[in-house]
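Heads up: the structure comes next, in structure tokens.
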Amino acid sequence: MATLVTHCLPYDLFYLLQTNIKRALYVNTQSACHLLTRLTIVASAVRTSGGLSVAIQAGMKDQDDNDRDGSVPLVRSVQRAMAILKCFEGHGLQTLAEITKATGLDKGTTRRLLMTLMTDGFIVQDPITQRYGLGRAIRTLAAGVVVEFDLRSIVVPELSELAAELQITAFLSVYRDHQAVCLERVHDMNGMEVRWWSVGGTLPLNCGGAPKVLLSWQSEAEIDHALAHQPPSPMTPKSRLDIAGLKQYLALVKQRGWDLAVDDVMVGLTALAVPILDAKGQLICAISIAGLTPQMVRRGKPAHLDRLKAAAHQIQTVLHAAQS
């Protein structure tokens, strides 16, 4: 498709139209490029072939190619962008010609994809040599993968011990983009598995032990922003919905260093959570355990708080040593 666009429109006009589409429709660069490409193909087909059916066939060709064999549909522009990123593996700065040769893409398509990747910081261009290289966004993503991989390798063994010893479900979670995200869930084969939080899933910040622990360690401005972004959700009648009251409770959670969430995600189940902090006292993640309320609460108090704190201390000791 992109080759047709190159023949139909000058690059500077294509880029100008793409920018205006982004602003008018509030879409990202990729969506604007995709829409403009299809519109250009349709216009070209109508003009050269004199038939709307030809234009429709041209516009739908990519989807037909993907669906013909019943496989999962693929987005060609994403595949091409990944091909460009992969061509920098083991190499430094590269010219447009070198990237075009390595990817097998035509010059116009390669240039447009590079411009798109530059917009979001995945690619940078040397203003003097005009060569291209990987940008800060790639390094940030790579660092995040390493950190979370190392975090899992340190935390999961402790969670496995907790789950086996207490016959409950244990969780590792982090605060990302105003949300509480589950990174790992471990349960004992002989105990009950709590499935309210799947790996990669989120929970409302006002429900569950770990979400409230994660939120309580944020700045006051971030708490306000997060609650505006994701207002309190009533998962059960016990869920805290009043923002002023919730913020007061978060201050208590941070002061005492743990949260016991009884029946506020699912009636009959309770979670206990504590934070994992770095050597400077900044939040890294949270670990939590969940099970039937009689397992988790004794005389109105958390039954396994000391054991969970001991696991957190062990995790922090290893993390601090790794960071030093």
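In full-length UniProt numbering, the protein residues as written are 1 to 324.
Note that CB positions come from ideal geometry on N, CA and C, so glycine has one too.
As the structure is a prediction and not an experimental result, all values here were calculated from the model.
DSSP three-state assignment for residue i, whether helix, strand or coil
| i | result |
| --- | --- |
| Gly108 | helix |
| Ala83 | helix |
| Gln282 | coil |
| Asp67 | No answer about Asp67 holds up, because its pLDDT of 44 lies below 50 and its placement is not dependable. |
| Gln125 | strand |
| Leu93 | coil |
| Val262 | strand |
| Ala321 | helix |
Through-space distance from residue j to residue i, alpha-carbon basis
| i | j | result |
| --- | --- | --- |
| Gln282 | Thr202 | 22 Å |
| Gly135 | Ala228 | 32 Å |
| Val297 | Ala303 | 5 Å |
| Leu93 | His178 | 35 Å |
| Ser219 | Asp259 | 18 Å |
| Ala286 | Pro237 | 25 Å |
| Arg185 | Lys212 | 18 Å |
| Phe171 | Leu159 | 7 Å |
| Lys309 | Arg111 | 54 Å |
| Thr109 | Leu96 | 11 Å |
| Asp106 | Ile154 | 46 Å |
| Arg80 | Phe122 | 14 Å |
| Leu215 | Glu98 | 47 Å |
| Gly245 | Ile223 | 13 Å |
| Gly133 | Pro275 | 38 Å |
| Thr119 | Pro157 | 41 Å |
| Pro234 | Leu114 | 45 Å |
| Ser173 | Asp242 | 24 Å |
| Asp64 | Pro127 | Unreliable placement is indicated for Asp64, whose pLDDT of 44 sits below 50; no coordinate value is reported for it. |
| Trp196 | Leu305 | 21 Å |
| Val75 | Tyr249 | 46 Å |
| Thr129 | Glu89 | 20 Å |
| Ala322 | Lys280 | 14 Å |
Check whether residue i and residue j have beta carbons under 8 Å apart
| i | j | result |
| --- | --- | --- |
| residue 326 | Ile289 | This structure cannot speak to residue 326, because the chain is shown only from 1 to 324. |
| Pro231 | Arg240 | no |
| Ala221 | Leu205 | no |
| Arg207 | Asp264 | Position check: residue 207 holds Cys in this sequence, whereas Arg was assumed. Against a cut-off of 8 Å, the Cβ pair of Asp264 and Cys207 comes out as a contact. |
| Trp217 | Lys247 | no |
| Glu291 | Leu269 | Just to set this straight, residue 291 is Gly in the shown sequence, not Glu. It is a contact, given that the beta carbons lie within the stated cut-off. |
| Ala210 | Ala251 | no |
Reference residue i; option with closest CA among the options
| i | options | result |
| --- | --- | --- |
| Pro294 | Val262, Ile276, Leu308 | Val262 |
| Val267 | Val194, Gln316, Ala210 | Val194 |
| Ala164 | Met189, Arg299, Val156, Ala102 | Met189 |
| His320 | Arg307, Asp278, Lys301, Leu305 | Asp278 |
| Val318 | Leu151, Ile223, Glu98 | Leu151 |
| Cys87 | Ala102, Gln79, Leu215, Ala180 | Ala102 |
| Ile138 | Met82, Gly257, Ile243 | Met82 |
| Val124 | Ile84, Leu215, Ile243 | Ile84 |
| Val199 | Lys301, His187, Thr129 | His187 |
| Thr100 | Asp120, Arg131, Val75 | Arg131 |
| Arg256 | Leu269, Asp242, Ala273 | Ala273 |
| Gly191 | Ser173, Leu166, Asp306 | Leu166 |
| Tyr175 | Asp306, Ile315, Leu305, Ile284 | Ile284 |
| Leu117 | Glu161, Leu305, Ser77 | Ser77 |
| Ile168 | Lys280, Arg307, Val75 | Arg307 |
| Ile315 | Glu161, Asp126, Thr129 | Glu161 |
Distance cut-off 7 Å: residue i Cβ against heavy atoms of the ligand SAH
| i | result |
| --- | --- |
| Ala97 | The ligand SAH is absent from the structure shown, which contains no ligand whatsoever. |
Closer than 8 Å to chain C by CB, residue i
| i | result |
| --- | --- |
| Trp258 | This model lacks chain C altogether; it includes just one protein chain. |
Legend entry - beta strand (DSSP E) runs wholly inside the region 145 to 196, at least 3 long, in chain order: The region 145 to 196 contains, as complete beta strand (DSSP E) runs of 3+ residues, the segments 169 to 176, 179 to 187 (chain order).
Inset, instruction - Tell me the start and end of each unbroken alpha helix (DSSP H) in the region 191 to 253 that is at least 4 residues and wholly inside, in chain order. - result: Runs of the alpha helix (DSSP H) inside the region 191 to 253: 209 to 216, 220 to 229.
Legend entry - Within the region 269 to 315, ranges of the alpha helix (DSSP H) (whole runs, at least 4 residues): Runs of the alpha helix (DSSP H) inside the region 269 to 315: 293 to 296.
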